[in-house]
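Right, one structure below, let's go through it.
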Amino acid sequence: MQTVKIPVSIDPFRAASSRSTYEGIVPGQQLRRLNELCAGDCSDVAVSIECGVDLQGIVYLKGKAVTELTLVCQRCMTLFTTEVTVEFCFGPCRTKAEIDELPDAYDPIECNEIGEVRLHQLIEDELIVAMPIIPMHEETDCNIGSMDIVVGEIEPAQEERPNPFAVLEKLKSK
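Sequential numbering of the sequence shown, starting at 208, is according to the numbering used here.
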């Protein structure tokens, strides 16, 4: 099967009326914000999107995106690769009122001034949200594992000063 590029933007209402499906890739080097968050370039993103209209007449964009990201393990500070997968279901909206009326099963996505949705930006946003907050290897794969890391030295405690409220304690007992 030939790998095709996902369009940068689509008219979701026109795509839904023709029940369009898109399967292909989004080139990783085009996802600038995602690449800034990674330790290396992210791989191409495999994407599948289905456009349609549900039983209530609501237009939706439903799909899945999968990529591999190179991140820095925050435990051992070495590079590792992890797979990030996101599934999404959006309801395109043109006005604020449409956003408020959208059922909870759909996440709202605003259409731009010409009524289109930017798919590359949408996919990039979803992948950024799905990235691990604190990237780490599995503990068994990590170079440090469960060993404690010491950063700097802890100074010994100063000599203990008397409690200034000790005098009040004596007065209270009288």
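Backbone N, C-alpha and C fix where the C-beta goes; we use that ideal spot for every residue, glycine too. Note that this is a predicted model, so its numbers are computed, not measured.
Minimum C-alpha distance to residue i - residue among the options
{"i": "residue 172", "options": "251, 247 and 281", "result": "The structure shown does not extend to residue 172, since the chain spans only 208 to 381, so no value can be given for it."}
{"i": "residue 216", "options": "283, 290 and 316", "result": "316"}
{"i": "residue 347", "options": "310, 319, 372 and 280", "result": "280"}
{"i": "residue 167", "options": "339, 322, 228 and 331", "result": "The structure shown does not extend to residue 167, since the chain is modelled only from 208 to 381, so the question has no answer here."}
{"i": "residue 226", "options": "265, 232, 235 and 245", "result": "265"}
{"i": "residue 320", "options": "218, 211 and 214", "result": "218"}
{"i": "residue 287", "options": "377, 277 and 308", "result": "277"}
{"i": "residue 284", "options": "291, 235, 243 and 350", "result": "350"}
{"i": "residue 241", "options": "333, 223 and 224", "result": "333"}
Through-space distance from residue j to residue i, alpha-carbon basis
{"i": "residue 385", "j": "residue 262", "result": "For residue 385 there is no data in the structure shown, the boundaries of the chain being 208 and 381."}
{"i": "residue 300", "j": "residue 344", "result": "39 Å"}
{"i": "residue 260", "j": "residue 245", "result": "36 Å"}
{"i": "residue 352", "j": "residue 341", "result": "Unreliable placement is indicated for residue 352, whose pLDDT of 47 sits below 50; the coordinate value is still reported in the next sentence. One C-alpha to the other measures close to 15 Å."}
{"i": "residue 292", "j": "residue 267", "result": "20 Å"}
{"i": "residue 379", "j": "residue 282", "result": "52 Å"}
{"i": "residue 271", "j": "residue 230", "result": "10 Å"}
{"i": "residue 298", "j": "residue 363", "result": "60 Å"}
{"i": "residue 307", "j": "residue 290", "result": "34 Å"}
{"i": "residue 223", "j": "residue 258", "result": "5 Å"}
{"i": "residue 323", "j": "residue 228", "result": "16 Å"}
Residue i, enclosing alpha helix (DSSP H) - first and last residue
{"i": "residue 261", "result": "Residue 261 -> no alpha helix (DSSP H), and no H or E assigned at all."}
{"i": "residue 316", "result": "Residue 316 -> not in any alpha helix (DSSP H); beta strand (DSSP E) instead, spanning 314-317."}
{"i": "residue 335", "result": "326-337"}
{"i": "residue 376", "result": "373-380"}
Three-state secondary structure assigned by DSSP to residue i
{"i": "residue 299", "result": "strand"}
{"i": "residue 219", "result": "helix"}
{"i": "residue 270", "result": "strand"}
{"i": "residue 238", "result": "coil"}
{"i": "residue 246", "result": "coil"}
{"i": "residue 361", "result": "coil"}
{"i": "residue 224", "result": "helix"}
{"i": "residue 306", "result": "helix"}
{"i": "residue 256", "result": "strand"}
{"i": "residue 367", "result": "coil"}
{"i": "residue 291", "result": "strand"}
{"i": "residue 347", "result": "coil"}
{"i": "residue 311", "result": "coil"}
{"i": "residue 352", "result": "Residue placement at residue 352 is poorly supported in this model, since its pLDDT is 47, which falls under 50; the coordinates are not used for a value here."}
{"i": "residue 211", "result": "coil"}
{"i": "residue 285", "result": "coil"}
Integer Cβ distance of residue i from residue j, believed to fall under 8 Å
{"i": "residue 295", "j": "residue 311", "result": "Going by Cβ atoms, the distance from residue 295 to residue 311 rounds to 14 Å, so no, they are not a contact pair."}
{"i": "residue 269", "j": "residue 234", "result": "Contact flag wrong, Cβ pair sits at about 22 Å."}
Boundaries of the beta strand (DSSP E) in which residue i is found, first to last residue
{"i": "residue 230", "result": "228-233"}
CB contact below 8 Å: residue i versus chain D
{"i": "residue 324", "result": "Among the protein chains of the structure shown there is no chain D, as only one such chain exists."}
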